[in-house]
Amino acid sequence: MTQAPVPLLLRALAGETLPRPPVWFMRQAGRSLPEYRELRTRAKDFIAFCHDPQMAAEATLQPMRRFPFDAAIVFADILLIPRALGQDVWFEAGEGPRLGELPPVETLAAQVEASTARLAAIGETLSLVRGQLEPERALIGFAGGPWTVATYMIEGRGSDRSAARTFAYQHPQTLDRLLEVLVDSTARYLVMQAKAGAQALKIFESWAEGLAEDVFERIVVGPHKAIVEKVRGAGVTAPFIGFPRGAGALVETYAAQVPVEGVALDTQAPFALGRRLQAQGKTIQGALDNLLLRAGGPALDARVEAYLEAWGQGPYIFNLGHGILPDTPIEHIARVVERITRG
Ligand code: 1CP
């Protein structure tokens, strides 16, 4: 019997430098694909879509059929957690997420155990996808970083986060307690995802920018450490990718303190910073500008070569610095993925 091949993504996260990096793209499932837009018309709304395992599995697999990506990411959203904790969440067509009033934190805390059961459909999606995905392609589960999720819960929508940051200064104890509740429910959710078939776990801290170092350590580093420790404590060995987007120089503080295997870098990350993290034993992921992917042309080709040269000598996962934009030409995606997988 021949042994199943270990997916390149998992080899990279185990610290291996490979002949070519594995590649996947944030938001690879979704609005840039016509087949996604067609599928989307069949769902009552976005939340119902995420909680329908058949449809969500189909959305997860669509980009895998079209492109030779090395990993799939489960179709879901970071805002499923606040909903599972009892705060209203809905999506306004063409605008984005909206959340109802923030319930008292202890009311949310009482829902932590129930929240995991309310997210069972995402586990079913993962099992369905794992059953259909080739063994050499990895399946990624994810959740939002507690601070990022808290910004939506506090602001009630996507925003510049100024109200949430003000809240962090004016009500530090309430914020810390809210983050604790989110750490608990997120850790349980990620354990459930790993048990259902997720082979790597990503924490999207999309709004980590603009925080002073001590605040960053308190509201980003601490909660991420706690999540990883809880998930590990539950016996899960799947590697983690942490994505403190916008953290700038504090990415190094993050990498030094959070026991994640992989650190995802955003578009501003200098080559030298990536190499330092590799030298410190982290696998890095990133960091192509999603605007450059959309723009295409010689500048895109040149930048792809530059990343391969700068980061290809250490453990590296090729990806974007933020998610694919809806109007990105499919040929641009195909061209970059072809270049990376050609080696
Ligand atoms: O109209 C539609 O079809 C919904 C658009 C959409 C999609 C396809 C939303 C609403 N979420 C998703 C899926 C999604 N969200 C995935 C699926 C897997 C993949 O990457 O292909 C993932 C990983 C997310 C994660 C997510 N949701 C993040 C973190 C990553 C990031 O982009 O920074 C955030 C911030 C969200 C919130 C959210 N959900 C949807 C939107 C439009 C937003 C952003 C709103 C804002 O700008 O504040």
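So the number in my numbering is just where the residue sits in the sequence shown, counting from 1, plus 49.
Quick reminder that beta carbons are idealized off the backbone N, C-alpha and C, glycines included.
Nearest to residue i (by Cα), restricted to the options the options
i           : options            : result
residue 254 : 138, 317, 199      : 199
residue 124 : 79, 372, 197       : 79
residue 289 : 354, 351, 366, 256 : 366
residue 167 : 203, 55, 129       : 129
residue 337 : 330, 351, 325      : 351
residue 340 : 329, 317, 325      : 317
residue 292 : 194, 85, 386       : 194
residue 363 : 147, 54, 325, 185  : 325
residue 133 : 308, 202, 112      : 202
residue 224 : 312, 391, 158      : 158
residue 85  : 111, 65, 297       : 111
residue 230 : 154, 384, 242      : 154
residue 117 : 96, 57, 90         : 57
residue 142 : 175, 183, 93       : 93
residue 237 : 279, 261, 131      : 279
residue 381 : 371, 347, 370      : 347
residue 64  : 373, 353, 327, 384 : 327
residue 145 : 183, 220, 207, 335 : 207
residue 87  : 107, 186, 71       : 107
residue 370 : 319, 389, 391      : 319
residue 390 : 357, 374, 373      : 357
Residue environment, residue i, which counts as buried when at least 16 other CB atoms sit within 10 Å
i           : result
residue 156 : exposed
residue 164 : buried
residue 211 : exposed
residue 310 : buried
residue 276 : buried
residue 376 : exposed
residue 172 : buried
residue 119 : buried
residue 74  : buried
residue 77  : buried
residue 379 : exposed
residue 196 : buried
residue 216 : buried
residue 284 : exposed
residue 387 : exposed
DSSP beta-bridge partners of residue i
i           : result
residue 191 : 251
residue 201 : BP columns for residue 201 are empty, so no partner.
residue 146 : 140
residue 365 : 333
residue 291 : 252, 312
residue 276 : In DSSP, residue 276 forms no bridge with anything.
residue 120 : 187
residue 300 : Residue 300 pairs with nothing; no bridge assigned.
residue 91  : Bridge partners of residue 91: none, in fact.
residue 206 : 147
residue 72  : 367
DSSP-derived helix/strand/coil call for residue i
i           : result
residue 270 : helix
residue 334 : strand
residue 256 : coil
residue 170 : helix
residue 243 : helix
residue 78  : coil
residue 125 : coil
residue 59  : helix
residue 285 : coil
residue 307 : coil
residue 389 : helix
residue 382 : helix
residue 130 : helix
residue 182 : coil
residue 160 : coil
residue 67  : coil
Residue i: CB within 8 Å of a non-hydrogen atom of the ligand 1CP
i           : result
residue 282 : no
residue 123 : yes
residue 113 : no
residue 311 : no
residue 126 : yes
residue 297 : no
residue 371 : yes
residue 294 : yes
residue 187 : no
residue 238 : no
residue 75  : yes
residue 361 : no
residue 259 : no
residue 102 : no
residue 78  : yes
residue 193 : yes
residue 377 : no
residue 23  : With the chain running from 50 to 392 in the structure shown, residue 23 is simply not present.
residue 207 : yes
residue 367 : no
Within-9 Å CB hit, residue i to chain D
i           : result
residue 152 : Checking the listed chains, one finds no chain D in this structure; it contains a single protein chain.
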